[in-house]
Amino acid sequence: MEFDRAGAIKSATALDALADRLEADLKANTPALAVEAAGLDEVSQRAAQTLRGVAASYDEAATAGVLELRKLAAALRSQSQSLVVMDTENAAGLGASA
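Written out as structure tokens, the structure reads:
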């Protein structure tokens, strides 16, 4: 088995950077999603309410996506470290039995 730990760590770092950019963009653009009603009539009020509901749902899903990217990066780092430890232990075991 061949494993590129440096490549895996680089990928995890890229995932964290992507999560950071996405999170910053979400925070910067959240005010644009706060829709005010165009008028006082019922249709305008309901349309604005619906758009705000969609915006809230989008924000929730996007925030969950950022969390998943961070969890994926952490899992990649953890698994990389576990593979290094396992490989080191296996190599030591082979050397001890020789």
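Using our numbering, read the sequence shown as starting at 100 and increasing by one per residue.
Even glycine gets a Cβ: it sits at the ideal position worked out from N, Cα and C.
By how many angstroms is the C-alpha of residue j removed from the C-alpha of residue i?
i, j, result
"ALA147", "ARG176", "43 Å"
"ASP115", "ASP124", "14 Å"
Ignore the nearest five residues each way along the sequence and tell me which others in residue i's own chain have a CB closer than 7 Å to its CB.
i, result
"LEU117", "LEU168"
"GLU122", "VAL165"
Could you pull out every residue in the same chain whose Cβ sits closer than 6 Å to the Cβ of residue i, ignoring the five residues on either side in sequence?
i, result
"ALA131", "none"
For residue i, which residues in the same chain have their Cβ closer than 8 Å to its Cβ, ignoring the five residues on either side in sequence?
i, result
"VAL183", "ARG104"
Our contact map puts residue i next to residue j with C-beta atoms below 8 Å; I'd like the distance itself, whole angstroms only.
i, j, result
"ALA133", "ARG151", "7 Å"
Could you tell me if residue i is buried or exposed, where buried requires 16 or more neighbouring beta carbons within 10 angstroms of its beta carbon?
i, result
"THR143", "Reading off the sequence shown, one finds Ser at residue 143, where the question assumed Thr. The residue is exposed, with fewer than 16 neighbouring Cβ atoms inside 10 Å."
"ALA160", "exposed"
"ALA172", "buried"
Helix, strand or coil: how does DSSP classify residue i here?
i, result
"GLU122", "helix"
"ASP140", "coil"
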